[in-house]
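Here the structure comes first, spelled out in structure tokens, and everything after it is commentary.
2 protein chains.
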Amino acid sequence: MKLTILFGGASFEHEISIVSAITLKEKLSGFDLTFIFCDQDHRFYLIEASKMKAVTFSKGEHKKMPQLNITNGSFTQKTMFSSIEHTGPVLNLIHGADGEDGTIASLLDFFSIKYIGPRTDASVFSYDKRYTKWLCEAKKIKSVHYEVISSNEHKNINIPYPIIIKPARLGSSIGVSIVKDESELDYALDVAFEFDNSVIVEPFIEGVKEYNLAGFIAKGEIHFSIVEEPQKNEFLDFEKKYMDFSRSEQVLKADIDSALEAKLKNSFEKVYKNLFEGALIRCDFFVVDGEVLLNEINPIPGSMGNYLFEDFKSSIELLANSLPTNKRAKVNYEYIHSISKAKGK
Amino acid sequence: MKLTILFGGASFEHEISIVSAITLKEKLSGFDLTFIFCDQDHRFYLIEASKMKAVTFSKGEHKKMPQLNITNGSFTQKTMFSSIEHTGPVLNLIHGADGEDGTIASLLDFFSIKYIGPRTDASVFSYDKRYTKWLCEAKKIKSVHYEVISSNEHKNINIPYPIIIKPARLGSSIGVSIVKDESELDYALDVAFEFDNSVIVEPFIEGVKEYNLAGFIAKGEIHFSIVEEPQKNEFLDFEKKYMDFSRSEQVLKADIDSALEAKLKNSFEKVYKNLFEGALIRCDFFVVDGEVLLNEINPIPGSMGNYLFEDFKSSIELLANSLPTNKRAKVNYEYIHSISKAKGK
Chain E
82 MKLTILFGGA SFEHEISIVS AITLKEKLSG FDLTFIFCDQ DHRFYLIEAS KMKAVTFSKG
142 EHKKMPQLNI TNGSFTQKTM FSSIEHTGPV LNLIHGADGE DGTIASLLDF FSIKYIGPRT
202 DASVFSYDKR YTKWLCEAKK IKSVHYEVIS SNEHKNINIP YPIIIKPARL GSSIGVSIVK
262 DESELDYALD VAFEFDNSVI VEPFIEGVKE YNLAGFIAKG EIHFSIVEEP QKNEFLDFEK
322 KYMDFSRSEQ VLKADIDSAL EAKLKNSFEK VYKNLFEGAL IRCDFFVVDG EVLLNEINPI
382 PGSMGNYLFE DFKSSIELLA NSLPTNKRAK VNYEYIHSIS KAKGK
Chain L
82 MKLTILFGGA SFEHEISIVS AITLKEKLSG FDLTFIFCDQ DHRFYLIEAS KMKAVTFSKG
142 EHKKMPQLNI TNGSFTQKTM FSSIEHTGPV LNLIHGADGE DGTIASLLDF FSIKYIGPRT
202 DASVFSYDKR YTKWLCEAKK IKSVHYEVIS SNEHKNINIP YPIIIKPARL GSSIGVSIVK
262 DESELDYALD VAFEFDNSVI VEPFIEGVKE YNLAGFIAKG EIHFSIVEEP QKNEFLDFEK
322 KYMDFSRSEQ VLKADIDSAL EAKLKNSFEK VYKNLFEGAL IRCDFFVVDG EVLLNEINPI
382 PGSMGNYLFE DFKSSIELLA NSLPTNKRAK VNYEYIHSIS KAKGK
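Chains E and L, in that order, give the protein sequences.
All the letters of the first sequence, read from the start, carry residue numbers 82 to 426 under our numbering.
All the letters of the second sequence, read from the start, carry residue numbers 82 to 426 under our numbering.
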């Protein structure tokens with residue numbers, strides 16, 4: 082199967098996107114893979130598979146590789162006398178800004194390039210944690226109680242300590258702090274406001290049970306991964322998460338009863354349906370007193386959550402063959418014609 | 082002032098975008114205007130000001146004009162031996178799909194082109210009427226009671242007749258019907274489902290008072306237009322709306338008391354703040370029993386609502402000089418470097 086891995090991006094998660102892409106190179110071996118790197122200045126480069134190593138990018142060696150332009154239906158490589166078109170479906174593997182905020186989705190849609198990944202609207206609802214809360218309220222999905230603080234307001238927090246502070250629009254634990262009492266609050270807010278003007282405050286639930294579940298809809302049917310109980314120590318900081326994005330060993334199924342598994346799947350389906358079609362997403366849940374609470378939606382999970390799937394390759398192939406297509410409006414100038422006629426022009 | 086009017090798009094409102102652009106040519110005379118047309122296949126053309134007539138496009142004469150590529154910071158025109166870069170802020174005047182759904186916003190953001198218009202997230206919340214309702218719920222903005230029906234479900238409507246049926250994602254009254262009793266329902270749903278898989282059902286409130294208010298935030302301050310009580314006959318169908326988009330005569334202020342005006346402005350501000358910065362939007366309100374209800378957000382109103390502003394030119398200039406800038410993540414490969422070091426590579 083032909084598949085283009087698009088990675089990098091002007092994002093705080095640029096580096097973990099590189100790690101994700103390297104991991105997928107191995108996990109999707111046998112596929113006809115093309116690697117396209119988006120640098121922090123939004124230039125696209127075609128990366129030879131043998132050069133898919135972290136140092137290629139940290140040493141700037143990608144700059145010697147062919148530059149590509151995005152054009153109608155393809156990424157195009159100019160050669161001396163003609164051009165090479167890189168067509169075929171794209172797997173959007175740009176984590177964080179660009180990839181998960183709707184920018185890349187819109188770009189690929191505009192240029193009629195099919196892709197695995199969240200569409201623009203789904204991106205907006207998963208990238209900004211405030212809007213994920215709105216989604217939960219509208220779709221009656223239970224989630225953790227929260228408050229929003231903006232950098233330009235002085236507001237008391239009504240949630241008792243310990244609390245967790247998160248920038249509204251970043252993934253991978255960047256800028257996130259656990260605040261045990263008021264003395265730690267100002268510093269935690271300063272850190273979070275460095276990344277976003279809005280932060281989300283939630284109760285920090287010590288020792289909460291956490292479960293991850295990935296999945297996608299293809300040809301009208303939902304396909305779930307196994308449920309994982311992730312290892313954690315308080316929460317993953319960026320460096321640990323960085324390592325985490327290179328995971329490729331399949332994990333063990335969480336030891337939960339079928340009633341809880343059904344609840345998790347039900348909540349996942351509510352999140353996914355009529356919004357995330359085209360994407361393989363991972364939902365991270367908390368379970369508190371037997372109640373399933375949505376913690377986070379990862380619309381482009383690290384290394385696509387390959388370690389959660391029994392047959393990851395077939396899953397990607399199934400999804401790639403069931404991607405949404407945009408119905409574009411046809412323009413026939415009927416109104417201009419009729420009005421010109423009425424005016425006698 | 083230098084300003085590029087971007088219009089057209091692969092949208093059911095393609096033609097009214099042309100009308101809007103022609104109207105703005107007149108209303109912004111004195112500005113250093115560039116006209117860029119996006120055709121239904123997403124090709125960009127540079128249109129000479131003297132050719133800004135509806136027939137240019139309906140007759141396909143734009144195809145003889147210079148084609149442009151979107152590149153970092155500009156629209157670029159290839160010439161025989163070099164290229165001309167069309168820089169400067171863009172006014173996104175593409176109504177409906179492309180312009181109002183977040184696609185053009187993302188495209189301009191990706192290529193670092195400043196623009197007047199809604200950002201990607203604001204577009205998602207105004208383009209899809211379902212998400213506008215979610216926004217209203219989250220921000221405690223009153224709006225009309227509603228139900229959602231999807232094309233793949235059989236669902237009873239609990240709102241008493243007469244009702245109004247709208248495709249979730251189209252503007253300009255396309256696919257909208259007033260349904261007076263059950264005998265008219267199936268046909269109205271068929272019409273609406275031709276344009277979208279989801280439709281919004283609302284009570285049709287006969288003789289409801291309607292008020293329109295436009296505005297924007299520039300340099301931290303909100304600027305309102307006058308309040309208009311639009312003329313209507315039931316509601317504007319597409320052809321009437323088409324004519325409406327060429328409006329250029331300033332309208333009279335609605336005859337309302339200051340308490341109602343304050344309520345309208347308060348509701349507008351709740352909609353706009355922290356979401357629509359960079360755009361000049363028009364909110365359409367209903368007033369029922371003294372209560373202000375948001376009916377619709379027009380993030381790119383027809384001919385930019387020029388007829389609502391006492392000094393339209395200065396308003397556009399003020400906004401163009403106060404456009405949001407994206408803070409892009411800087412990539413320094415610190416994690417890759419530290420991990421490579423730890424691995425001894």
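C-beta: ideal position from N, C-alpha, C; glycine also.
None of these values were measured; they are calculated from a predicted model.
Three-state class that DSSP yields for residue i in the structure shown
i                      : result
residue 299 of chain E : strand
residue 363 of chain E : strand
residue 274 of chain E : helix
residue 358 of chain L : coil
residue 190 of chain L : helix
residue 153 of chain L : coil
residue 143 of chain L : helix
residue 160 of chain E : coil
residue 387 of chain E : helix
residue 414 of chain L : coil
residue 242 of chain L : coil
residue 422 of chain E : helix
residue 293 of chain E : strand
residue 247 of chain L : strand
residue 283 of chain L : strand
residue 175 of chain L : coil
residue 374 of chain E : strand
Expected contact under 8 Å - CB spacing of residue i and residue j to nearest Å
i                      : j                      : result
residue 192 of chain E : residue 151 of chain E : 5 Å
residue 99 of chain E  : residue 135 of chain E : 6 Å
residue 351 of chain L : residue 220 of chain L : 5 Å
residue 295 of chain L : residue 382 of chain L : 6 Å
residue 310 of chain L : residue 291 of chain L : 7 Å
residue 408 of chain E : residue 121 of chain L : The pair is not a contact, with the Cβ atoms about 12 Å apart (cut-off 8 Å).
residue 416 of chain E : residue 94 of chain L  : Contact flag wrong, Cβ pair sits at about 10 Å.
residue 373 of chain L : residue 214 of chain L : About 16 Å separates the two Cβ atoms, so there is no contact after all.
residue 188 of chain L : residue 101 of chain L : Not quite, the Cβ-Cβ distance comes to about 19 Å (not below 8 Å), so this is no contact.
residue 218 of chain E : residue 218 of chain L : 7 Å
Residue j beta carbon less than 8 Å from that of residue i
i                      : j                      : result
residue 201 of chain L : residue 183 of chain E : yes
residue 228 of chain E : residue 282 of chain E : yes
residue 91 of chain L  : residue 186 of chain L : no
residue 380 of chain L : residue 204 of chain L : yes
residue 127 of chain E : residue 84 of chain E  : no
residue 109 of chain E : residue 397 of chain E : yes
residue 276 of chain E : residue 251 of chain E : yes
residue 329 of chain E : residue 384 of chain E : yes
residue 289 of chain E : residue 369 of chain E : yes
residue 89 of chain E  : residue 119 of chain E : yes
residue 211 of chain E : residue 254 of chain E : no
residue 376 of chain E : residue 366 of chain E : yes
residue 401 of chain E : residue 197 of chain E : yes
residue 349 of chain L : residue 414 of chain E : no
residue 395 of chain L : residue 104 of chain L : no
residue 164 of chain L : residue 157 of chain L : yes
Residues near residue i by beta carbon distance below 6 Å, same chain, minus five either side
i                      : result
residue 399 of chain E : 299
residue 404 of chain L : 195 and 359
residue 216 of chain L : 206
residue 257 of chain L : 247
residue 155 of chain E : 166, 167 and 168
residue 418 of chain L : none
residue 112 of chain L : 82 and 84
Neighbourhood of residue i by C-beta distance below 7 Å, restricted to the same chain and skipping five residues each side
i                      : result
residue 124 of chain L : 148
residue 431 of chain E : Absent from the structure is residue 431 of chain E, since the part of chain E shown begins at 82 and ends at 426.
residue 357 of chain L : 199, 203 and 380
Residue i beta carbon near the ligand ATP (any heavy atom closer than 7 Å)
i                      : result
residue 385 of chain L : Ligands displayed in this structure: none; no statement on the ligand ATP is therefore possible.
Close Cβ partners of residue i (< 8 Å) along its chain, the five nearest in sequence each way excluded
i                      : result
residue 284 of chain L : 225, 226, 240, 241, 243, 244 and 245
residue 426 of chain E : Residue confidence for residue 426 of chain E is low, a pLDDT of 46 falling below 50, so the modelled location carries little weight and cannot support an answer.
residue 308 of chain L : 292, 293, 294, 334, 335, 337, 342 and 345
residue 106 of chain E : 86, 114, 116, 130 and 133
Within chain C, the residues that residue i reaches when beta carbons sit closer than 8 Å
i                      : result
residue 218 of chain L : Judged by its chain identifiers, the structure shown contains no chain C, and its protein chains are E and L.
* If you pair each beta-carbon of the segment 387-403 of chain L with each one of the segment 213-233 of chain L, do three or more pairs fall below 8 Å? -> Short answer: they don't touch.
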